[in-house]
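**Student:**
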Amino acid sequence: MDFIVVQFLNGVASASSLFLVASGLTVIFGVTRVVNFAHGSFYMLGAYMAYTLTSQLPRGSLGFWGGVIGAALVIGLVGALLEFVLLRRLYRAPELFQLLATFGVVLVVQDLTLWTWGPEDLLASRPLSLRGAVDVMGRSVPVYDLVLIAVGPVVLAALHLLFHKTRWGTLVRAATQDREMVEALGVEQSRLFTAVFFLGSLLAGLGGALQLPREAASLNMDLAQITEAFVVVVVGGMGSILGAYLAALLIAILQAFGIAIFPKITLVLMFLVMAVVLAVRPYGLLGRPQAVARVGGSSLAVALRPAGSWSKTAAAVVVAVLALSPLVLGDYSMTVLTEVTILALFAASLHFLMGPGGVVSFGHAAYFGVGSYAVAMAIKYSGLPMLVAVVGSPVAAGMLGVAVGWFCVRLSGVYLAMLTLAVAQIVWSTAIQWDGLTGGDNGLLGIWPDDWARGRWVFYLVILTISAGGILLLRRAIFAPFGYALRAARDAPLRAEASGINPGIVQWAAFVLSSALAGVAGGLFALAKGGVFPTYVAIGRSIDALLMVLLGGVATVTGPLVGTAVFVALQDELSRFTNVWRFILGCVIILMVLAFPEGVVGFAARWRRDPDA
Amino acid sequence: MKIITAALAGATVAALTVPASAQQGPIRIGEMNSYTAAAAFTVPYRNGWQMAIEEINAAGGVMGRKIEVVSRDDTATPEGAVRVAGELAESEKVSLITGTFLSNVGVAVTDYAARAKVLFIAAEPLTNAIVWEKGSRYVFRLRPSSFMQSAMLADEAAKLPVKRWATIAPNFEYGTAFVADFKKALTARKPDVEWVGEQWPANQKLEAGPTVEALIQMKPEAIFNAEYAADLAKFVREGTTRNLFKGKPVVSVLSGEPEYLDPLKDEAPEGWIVTGYPWQSVDTPVHKAFLAAYQGKYKDYPRLGSLVGYVTMKIIAAGIAKAGSTDTDKMIAAFEGLSIDTTMGPIQIRAIDHQSTMGAWVGKLAVKDGKGVMVDWKYLDGKDYQPSDDEVRKMRASNR
C-alpha cells in the first residue's frame, strides 16, 4: 500500500513538470497554429539560464526562486523575440513551414548552448530547504516532489484566471476559435501572437528551470522533452490547458506504475497511450475539432500539371546522366549519390501523401524502417536472394500502412500527424528493444547485395531503376483519375463525396501506396548501407524526410527530388568539414524558409511565371 | 534537377583534385568520433590525441614521415558512421581508421572495416562484440570491454557480505551487456548470490523517482549500476534523498571517470565502488609528465577520454613504426602482439582477439573539498581479466 501511495505521488510530481512544458506548447499552438519544435529548446535554455542565475544569486530559497522566475522571464523574452524576428514572417506560408523554421532554430540553439555553457552537464546546488525528504507511510518522499505536486495545479489555476478573467485572456480564447474574426474586429494580431509566444516560452522556461533541483542541465534535454510534450498536448487535446494537465497526470501515473511492472517497455508505454486515446477520441481527451484557418495553408492547393514534352526530355536526360555517373565519380561520391537516389524515392513517397494527399505524416520513417528491416530479415534469416527480399519491403511496409492508414484517415491535421508519430515511435522502440529479432541497438549487419550486384555499375543501376520506377509510379498516380480524386478529397471533401468519391477510401489507398514505396526506399537503403539500425526509424529520419519535401516545395512534383539533393548535400558535406554543422544547417534552413516559403522548386516555378513577384 | 547535375559536376572536380597520398608525404590517419552529439566526452578525447600527434611529429614522426590526421564527426549514428568511414578510406585515402565512442557505431564501423578490408582501431566503445562475436582481423580495440570491467568490479563485489542484488542500467546494448557480464562474473565468483530485480530505464530518459521507488521495493542488499551522464546525476540525487543507498553497497561502472563524476560535485555518492580515472593521484612519473603537459597545453585537467585519445595515437604510431609500412596486412601483423609502455602502464595488443590489455582504475568514491574523487584505488591490468583462449576462439569462430 505504501508503495502504491508513494508511486502515485511520484507520478503526480512528474505530471507537473510535463504539464508546464506541454501547457506552453498547447497555448502557442491553440492561437498561432504553429507546431513549435523549438519549445524543447526553450525548456533546455530555461534549465541552463536558471543554473546561471541561481549560481550568481545568493544561496538559499530566495536566490533559488529568484533564479527560477528570472530564468522563466528571460526565456519568455527569447520566445517573443523569435516570434517577432522569424515566425511573424511565416504566418501566411503553408502551416508546416513554421515547423521547418522552428526545427532550424532547434539546431542553432543546440550549438549556441554548447558554446555558451560548454559540453559538461551542469548540476546546480539546491537550497537546503529543498534537499530533505518527508516521511510518507514509512518511505522518504523528497520535499521538492511535494513542491512540484503543488506547482502544477497552481499554474493551471493561474492560467485559468488569466484566460477567463482578463480581457487579454478573452481575446486569446477568441483567437483560438477564430483568429480571422478577431482580426476583423480590430484586434492587432501580431501583438497578440507575440504575447502568446512570450507566455508559452515562459512556461517552457519555467518547466526547465524547475527541473534543475532534480537533474543536471544537459544538452540532450531539448529533444528528450519535446516529443513527450507533444504527446501530452495531443492526448489532452490541442489548445486545451486542462486537457494537458489531465493527460500529463494520466501519462505520468501510468509510467510510474509501468516502471515497476514492465521495466523494459517504458519507452513504448507513452506512445501506446497516445495511440489508444487518438483511436478512441480523435481530438484528445478535451479537444475539439480544429477550426479551419482561412488564410495560409492554401498554397498547398496549387493545381499540378502533367509534364510537358520539354520536361519529359529533361527528366530523361537527368536519368541518363545519373545512369552514366559511375563512369566519372569516385567511390565515395557514388556512395553519396546512391544515398540521394534512394532518399529521393523516400521523399517522393512522403510528398505524395502530403501534397496531393493532404495527409501530413510526422512518422514516415516507420514505413522506411519496416521496409529496411523486412529486407534485412529476409536476407539474414531466410537467405533469400536480394531481389526477392526487396519485394518483401513494400509488402511489409504496405501492411503497416493498411493498419495505420485506417485510423489515420479518420483524423486530420495535427492529430493525424501525431498519430503517425506515435506509430513511428512504437516501431522504433520495438526495433531497439526486441533484441533477439532486430539485433537491438547494434541492428542487423552484413546485409550486402548479392554477388552479381556488387559491382558499382550494376548496384547503382539497380538502385536507380527501382527508385526512378517508384517515382514514376507516384507521378503516374498523381495524374491518373485516382490522383484527381485524391486532390478532390483534399480540397473539397464534401463536394468529392457528392460526386461519388469516398474521401476516406481514396486517402487510405494513398496512405498504403505511399507507405509501400517508403518501404522500398528503406529496403534499398539497407542494401546500400549493408545493415539496418533503429536510427532508420528514429524521429530524426522522419524530420529529415519532411525537410527534404518542404525544402523542395510541397506544391510541386519535382520539389522533393531537388529537396533531397540539397538536404543530403548540405548535411553530409557540412558534417565533413565543420563541427558546427548543426548551427550552419539550422541557419541555412531558416534562411531558405524565409527566402523560399514555397520551397526551392516552388520559388523557381513562380519566378518563371511571374519574374517580378 | 539541374542542381543535382551541377552539384555532381562540382563533386567530381573536388574528388579529382584531392591529391593521392604520395609515398613520401605524411602518413594519413582517419579519425572519427561523436564530436557534436557527445561533446562532453569527445572534446577531451580530441585534445588528448592532438597532443600525442604534436609530440610524435615533434620527435620526427614515424619512419621519417609526419602523421596527418583527417578528423570527422561520425554523426553518432551507425549509418552515418559507415558513410564517414567510407569517405575516409575511399576518398581521403587514409592508411587506417580510428575512433568512435558509442558501441553501436563502433560495431557498424567494425562491419564496414571487415568488408572493405580497412584497418580499424576502435578506441572507446566498450561492447564485447567488437572483438568477439563481430570481431575480424581488420579490427582492434583499446579500452577494456564490458566483460573486463565487469570482471574487475565483480572481484570487489564478491568480497561484500551481501547476497541480494538489484541492477539498474539503461536499456540498450551498453547497459544490457554490462548487466549480463556482471551477473555472470559475480555468480561465478559467488554462486549463492540472488538477483532480486532489474530496472531498465530508457537511455537518458530516467524517471528517477518512480525508478528509485521500484528499486527500494525489491529490498536488495546491494545495487549494481550502469547509469551514466545526466541520468547518473538524477539517479544519485533521487536515490540519496529517498535513502535508497543507505547501508547498501553500490557497484557502479564508469562513475569514477571525471566525465561522469565531476558534474556531481559535492553530491558524489561516497563509498560507491567504481571504475574510473583518479587523475589527481596517479603518481607514476609518466603520468605526472602527461598531466603537466596536458594542463600546460589546455589549462584544464584531463578526463579519461583525454588519456585514451593520447594513448590511442601513441599505440597507432608504435604499430606503424613496427610494421615499417602502411600496408594493411603488414600493419595487422605488427599490431598483433604489439607491446608498448604507455601512460597507463605496459599494454599488449592480444593477437588472439585484437583486444588491448589496457586496464582500468577501480576504487571508491569520496568527497574532498566539495568535489568527487576516487580513493583507495588500484590500477588493474587488463591481461588478468580475460576469458580463456578456448572461449575466445569459440566466440570468434565465425569471423572474417
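Heads up: the protein sequence lines correspond to chains X and Y, in order.
Okay, so the first sequence: first residue is 349 according to the working numbering, each after it adds one.
Okay, so the second sequence: first residue is 153 according to the working numbering, each after it adds one.
Note that the Cβ used here is the ideal one computed from N, Cα and C, for glycine as well.
Measuring only between beta-carbons, confirm whether X:Thr-883 sits less than 7 Å from chain Y.
**Tutor:** Chain Y, which has a Cβ nearer than 7 Å to the Cβ of X:Thr-883, makes this yes.
**Student:** Using a Cβ-Cβ cutoff of less than 7 Å, which residues in the same chain neighbour X:Leu-767 once the five nearest sequence positions on both sides are dropped?
**Tutor:** If we look at X:Leu-767 and ignore the five residues flanking it on each side, its Cβ neighbours are Ala-623, Leu-626, Phe-755, Cys-756, Leu-759.
**Student:** CB Y:Pro-415 to CB Y:Ala-385, shorter than 7 Å?
**Tutor:** In contact: Y:Pro-415 and Y:Ala-385 (Cβ atoms closer than 7 Å).
**Student:** Where does X:Asn-384 sit, in a helix, a strand or coil, going by DSSP?
**Tutor:** Coil.
**Student:** Roughly how many angstroms separate the alpha carbons of X:Arg-562 and X:Ile-376, rounded to a whole number?
**Tutor:** Rounded to whole angstroms, X:Arg-562 to X:Ile-376 spans 27 Å at the Cα level.
**Student:** Does the distance between the C-beta of Y:Pro-230 and the nearest non-hydrogen atom of the ligand PLP fall short of 6 Å?
**Tutor:** Although the ligand PLP was asked about, the structure shown includes no ligands whatsoever.
**Student:** I need the straight-line Cα distance from Y:Gly-489 to Y:Arg-198, nearest angstrom please.
**Tutor:** Roughly 26 Å separates the two Cα atoms.
**Student:** What is the DSSP secondary structure of X:Pro-490, reduced to helix, strand or coil?
**Tutor:** Looking at X:Pro-490 - three-state DSSP - the assignment turns out to be strand.
**Student:** If you reduce the DSSP assignment to three classes, tell me which class Y:Phe-442 lands in.
**Tutor:** Of the three classes helix, strand and coil, the one that applies to Y:Phe-442 here is helix, per DSSP.
**Student:** Rounded to the nearest angstrom, how far is the Cβ of Y:Pro-313 from that of Y:Val-348, given a contact under 8 Å?
**Tutor:** No, Y:Pro-313 and Y:Val-348 are not in contact; Cβ-Cβ is about 16 Å, not under 8 Å.
**Student:** Distance check for Y:Leu-358 and Y:Ile-501, CA to CA, integer angstroms please.
**Tutor:** Whole-angstrom Cα-Cα distance: 37 Å.
**Student:** So, X:Leu-438 versus X:Ala-449, is the Cβ gap smaller than 7 Å?
**Tutor:** The answer is yes: Cβ separation under 7 Å.
**Student:** DSSP beta-bridge partners for Y:Tyr-531?
**Tutor:** Paired residue(s): Y:Trp-513.
**Student:** According to DSSP, what are the bridge partners of Y:Ser-508?
**Tutor:** Its beta-bridge partners are Y:Ile-501.
**Student:** Quick one: which chain Y residues come within Cβ less than 9 Å of X:Phe-351?
**Tutor:** Those within 9 Å of X:Phe-351 in chain Y are Glu-365, Ala-366, Ile-368, Gln-369.
**Student:** Tell me which same chain residues have a C-beta within less than 7 Å of the C-beta of Y:Val-438, skipping the five on either side of it?
**Tutor:** Once the five neighbours on either side are set aside, the close Cβ partners of Y:Val-438 are Thr-495.
**Student:** CA-CA distance, X:Val-910 and X:Ser-890?
**Tutor:** Computed Cα separation, rounded: 18 Å.
**Student:** Please decide whether Y:Asn-377 counts as near chain X, where near means a Cβ-Cβ distance under 7 Å.
**Tutor:** It does not; no Cβ of chain X falls within 7 Å.
**Student:** Whole angstroms is fine: what's the gap from Y:Ser-247's alpha carbon to Y:Ala-211's?
**Tutor:** Whole-angstrom Cα-Cα distance: 21 Å.
**Student:** For the stretch 195–227 of chain Y, which residues have a CB atom closer than 7 Å to at least one CB atom of chain X, in sequence order?
**Tutor:** So the list reads Val-195, Arg-224, Asp-225, Thr-227, given in the order they occur along the chain.
**Student:** Here's the rule: buried if 16 or more other CB atoms are within 10 angstroms of the residue's CB, otherwise exposed. What is X:Ala-886?
**Tutor:** Under this definition X:Ala-886 is a buried residue.
**Student:** Take Y:Lys-224 as the anchor and find which of Y:Lys-218, Y:Gly-361, Y:Arg-235 has the nearest alpha-carbon.
**Tutor:** Checking the sequence, you will find Arg at residue 224 of chain Y rather than Lys. Nearest option by C-alpha distance: Y:Arg-235.
**Student:** Looking at the structure shown, is X:Ala-744 part of a helix, part of a strand, or coil, going by DSSP?
**Tutor:** Helix.
**Student:** Could you have a look at Y:Gln-596 and say whether DSSP puts it in helix, strand or coil?
**Tutor:** Given that chain Y is displayed from residue 153 to residue 552, the structure contains no residue 596 of chain Y and the question cannot be resolved.
**Student:** Tell me which residues of the stretch 224–257 of chain Y have at least one Cβ-Cβ distance to chain X shorter than 8 Å, keeping chain order.
**Tutor:** Per Cβ criterion, the list reads Arg-224, Asp-225, Thr-227, Thr-229, Pro-230, Glu-231, Gly-232, Val-234, Arg-235, Val-236, Gly-238, Glu-239, Glu-242, Ser-243, Ser-255, Asn-256.
**Student:** Report all residues from its chain with a CB closer than 6 Å to the CB of Y:Pro-171; omit the five preceding and five following residues, and keep chain order.
**Tutor:** Interpretation of Y:Pro-171 is limited by its pLDDT of 44, a score under 50 that renders its predicted location unreliable; no figure is taken from the coordinates.
**Student:** How many Å lie between Y:Lys-269 and X:Gly-888 at the Cα?
**Tutor:** Straight-line Cα distance between these residues: approximately 31 Å.
**Student:** Helix, strand or coil: how does DSSP classify Y:Trp-317 here?
**Tutor:** In the structure shown, Y:Trp-317 sits in a strand (DSSP, three-state: E or B).
**Student:** Just to confirm before moving on: does the CB-CB distance between Y:Trp-201 and Y:Met-526 stay below 7 Å?
**Tutor:** Against a cut-off of 7 Å, the Cβ pair of Y:Met-526 and Y:Trp-201 comes out as no contact.
**Student:** Within a Cβ cutoff of 7 Å, which residues of the same chain sit near X:Ile-423, ignoring the five residues on either side of it in sequence?
**Tutor:** The residues are Phe-390, Leu-393, Gly-394, Met-397, Ser-549, Leu-550, Ala-552, Gly-553.
**Student:** Would you tell me roughly how many angstroms separate the C-alpha atoms of X:Ala-671 and X:Leu-691, rounded to the nearest one?
**Tutor:** If I take the Cα positions, the gap works out to 17 Å.
**Student:** Mind checking who Y:Gly-182 pairs with in its DSSP beta bridge?
**Tutor:** Partner(s): Y:Val-222, Y:Ile-249.
**Student:** Whole-angstrom Cβ separation of X:Ala-577 and X:Gly-584, contact assumed at under 8 Å?
**Tutor:** No, X:Ala-577 and X:Gly-584 are not in contact; Cβ-Cβ is about 11 Å, not under 8 Å.
**Student:** According to DSSP, X:Ala-565 sits in a beta bridge with which residue or residues?
**Tutor:** X:Leu-470, per the DSSP bridge assignment.
**Student:** Write down the C-beta distance between X:Ile-774 and X:Phe-915 rounded to the nearest angstrom, noting that I regard them as a contact closer than 8 Å.
**Tutor:** With a Cβ gap of about 26 Å, X:Ile-774 and X:Phe-915 do not count as contacting.
**Student:** Once you ignore the five residues that flank Y:Met-547 on each side, which residues in its own chain have a CB closer than 7 Å to its CB?
**Tutor:** Correct list, in chain order: Trp-284, Glu-285.
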